[in-house]
Amino acid sequence: MAKGKVLIIDDDPDFVEVVRTALETDDFQVFSAADGSQGLALMRREKPDLVFLDVMMAHPTEGVDVSEAMREDPALRDIRVVMITAITDTQYVGDFPTDRYLHVDQFLTKPVPLAELLELTNRLLKK
Amino acid sequence: MEEQFPLQAELIERIDWLISLRWLAVVGTLLTIVGVHVCFPGLLLQGPLVAVTTAIAFYNLLFYFYARRLHASRSTVLKLRQSTVFAYVQIALDLIALTTLLHLAGGVENPFVLFFVFHMIIASILLSPTASFLVALLASSLFAAMALLEYKGLVPHHNLVGLVNPELYRHGTYVLASILVMSTTLFLVVYMTSSISARLRARTNQLLEVSRSHEAKSRELEELNTKLQKLDAARTKFMVTVTHELRAPVATIYSCLDLVLGGFASPEKERQILERAQQRTTELLDLVKDLLELTGARQAEVQAEEAEPIQLADVLRNVEELMRVEAENKDLFLSVDIAPNLPLVRAKPEHMKTVWTNLLSNAIKYTEPGGIVVVSLSHNPEYVVGVVRDTGMGIPAEDLSRIFEEFYRTANARAICPQGTGVGLAIVKRMVESYGGKIWVESELGRGSKFTFMLPKACNR
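Protein chains in written order, with the numbering used here: chain A, 1 to 127; chain B, 128 to 588.
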């Protein structure tokens, strides 16, 4: 019996693979999607407990849009969200919303230390 | 008279000044007439003197209105010509008026004869040196005519009884001497004033020119500065892109190592993970190699000057040898057609090798097994023309304009070969262009692509 269902939404197949390996080794059931709409569809079907969401995919705030869509949808509202960013320079700062409430439990920055990621996943899914 | 615009504007301004001065002269003359009448009653012919002064006031009024009309005029050229003529007329009239006044008040005996000097100064400031000397000539002639006519008794002489020796005007030597002294004085004054004002004008022109050339230079600097800023912005953008491109594989390699070293992967998965890390390392090395080449291409322009004439066909044959293996491995038909007697081009052989290698390896990479890659090298009157054609997947029309951009890869190329860097064509374009050449692409999706580049013949440069 898996410890929980985790969905990874990220367009970087390497990142998906690495996180999947780590989570599966730690007994989680893992799904993945390469873009926002595919991710939302999977969420509605699989009802994961936690979503890892990349901020920047096809466009710089795709992840933010996904988290907003989740907030609007009562069926998805309770899913935990960890937002992953690779924003290390200032070029997209203007694109990133500061005045919107984000449905996000935690932020992580790439490259994500896996120990931290696993610890976080376990903590969020225990509650 | 070759004057600059601001000086022409000055002439127009000075005309107002002249008119104001004349009002002062009218008032001064009237006061003098009244003063002399009070001190020496009956000495002067007041009636005619006041009449002449009134005439001066009258024509000055006309001048005043004419000057106002002149100011309103739009055409600067016309305004200038009219102002010059206007100045001549005023000075001539003033000289005649002064001579008449003097004649009515004792002629050569009147100490006010010295007032001719003022007119000379005014003329020298307003007019060209030649015109000023003409004015001096006119003044001297008027003075001489007045003195001689009075001396000969052809016009009546009006004595200044009690003020000066009344017989002086009949004294031939005195008359001659005063004509001589007056003329000399007038000409000298004109000479001195003209040369001073000419020097001032020249200095002003010099200053104008200097400030104009400064303006031009500062504009030039501004343009250069803008260009540099653009270059700098482009370079920064490039740096950002490069950093992002380098970051992705490094982040993956880090995560893979983290997975293995942290014990987050089952032993049977470890090998797979390490292989992925190795794959990304290879890609990273490729990217670094391409970046180095791109830097080289960016500097090619600098080196283009010292490039020797080379035979493009030799370079192509070398590259062909290397590429033939790849093509045969993929079951592609590779045909190379080199025209005879090909002229040389001026370029670095290693740069041309990069051009051929990138174009050919692209053609091979994006063409399905069983396809054809045709390379041809020919020339036209000015250029050597290289063409690489394939029957591959082709390029979507919307991507055609962007495929030479650094790091740009089309979606279909990405699908076939995920690990390309998107730098190859940018390198090719830079290299071709740095030797004065051109490159372009024609393509039809699903049917193939045709890259054509032209390099100027060596003898043309």
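Don't be surprised by glycine CBs; every beta carbon is placed ideally from N, CA and C.
Item                                                                                                                         : Value
Buried versus exposed, by CB contacts within 10 Å (16 or more), Gly162 of chain B                                            : exposed
Closer than 8 Å to chain B by CB, Pro113 of chain A                                                                          : yes
Start-to-end residues for the beta strand (DSSP E) that takes in Asp464 of chain B                                           : 460-465
From A:Pro60, A:Val112, A:Ala2, A:Asn122, residue whose alpha carbon lies closest to that of Gly36 of chain A                : A:Pro60
Within-8 Å CB hit, Glu130 of chain B to chain A                                                                              : Low per-residue confidence applies at Glu130 of chain B: pLDDT is 41, beneath 50, and the placement is therefore not dependable, though the value from the model is reported in the following sentence. By this cut-off, Glu130 of chain B is not an interface position.
8 Å Cβ cutoff met for Met43 of chain A and Ala86 of chain A                                                                  : no
Close Cβ partners of Ile146 of chain B (< 7 Å) along its chain, the five nearest in sequence each way excluded               : Asn187, Phe190, Tyr191, Ala194
Per-residue DSSP class, three states only, for Pro436 of chain B                                                             : strand
Chain A contacts from the region 407-426 of chain B (Cβ-Cβ distance under 8 Å)                                               : Arg407
Span of the alpha helix (DSSP H) around Ser259 of chain B                                                                    : 256-279
Environment of Ser305 of chain B [buried if 16+ CB atoms lie within 10 Å]                                                    : buried
Contacting residues, own chain, Cβ-Cβ under 6 Å from Ser259 of chain B (five flanking each side not counted)                 : Ala250, Ser251, Val317, Ser321
Collapsed DSSP secondary structure at Glu569 of chain B in the structure displayed                                           : strand
Under 8 Å by beta carbon: chain A residues contacting Tyr381 of chain B                                                      : Pro111
Local Cβ density within 10 Å of Leu138 of chain B, reported as buried at 16 or more and exposed below that                   : buried
Inter-residue Cα distance where the pair is Glu402 of chain B and Gly547 of chain B                                          : 18 Å
Cβ pair count under 8 Å reaching 3, the region 455-471 of chain B against the region 497-517 of chain B                      : yes
Distance between beta carbons of Ile566 of chain B and Val555 of chain B, contact taken as under 8 Å                         : 7 Å
Contact under 8 Å by Cβ, Gln209 of chain B with Leu197 of chain B                                                            : yes
Boundaries (first-last residue) of the beta strand (DSSP E) holding Gly575 of chain B                                        : 575-583
Residue from B:Leu358, B:Ala538, B:Glu140 whose Cα sits closest to the Cα of Asp526 of chain B                               : B:Ala538
Short CB-CB distance (under 8 Å) between Phe365 of chain B and chain A                                                       : no
Option nearest Thr109 of chain A by Cα separation, candidates A:Glu72, A:Ala22, A:Ile84                                      : A:Ile84
Beta-carbon proximity list for Phe391 of chain B, same chain, < 8 Å, skipping 5 on both sides                                : Asp385
Classification of Thr121 of chain A by the beta-carbon crowding that lies within 10 angstroms, buried from 16 upward         : buried
Where Gly233 of chain B falls, given that 16 or more other Cβ within 10 Å makes a residue buried                             : buried
Per-residue burial, His116 of chain B [other beta carbons within 10 Å of its own, 16 or more giving buried]                  : One cannot answer for residue 116 of chain B here, as it falls past the ends of chain B, which runs 128 to 588.
Buried or exposed by the 16-neighbour rule on C-beta atoms within 10 Å, applied to Val308 of chain B                         : exposed
Whole-number beta carbon distance between Ser570 of chain B and Gly521 of chain B, since they are thought to touch under 8 Å : 5 Å
Arg80 of chain A in three-state terms, based on DSSP                                                                         : strand
Lys354 of chain B at chain A interface by Cβ criterion, 8 Å                                                                  : no
Test item: CB-CB of Leu421 of chain B and Pro376 of chain B under 8 Å                                                        : no
Whole-angstrom distance between Val446 of chain B and Ile437 of chain B, CA atom to CA atom                                  : 15 Å
Proximal residues to Val442 of chain B (C-beta, below 7 Å), its chain only, five neighbours per side dropped                 : Pro476, Met479, Lys480, Trp483
Nearest-angstrom Cα separation, counted from Leu315 of chain B out to Gln131 of chain B                                      : The predicted position of Gln131 of chain B is uncertain, since its pLDDT is 45 and thus under 50; no value can be drawn from it.
Where Ile183 of chain B falls, given that 16 or more other Cβ within 10 Å makes a residue buried                             : buried
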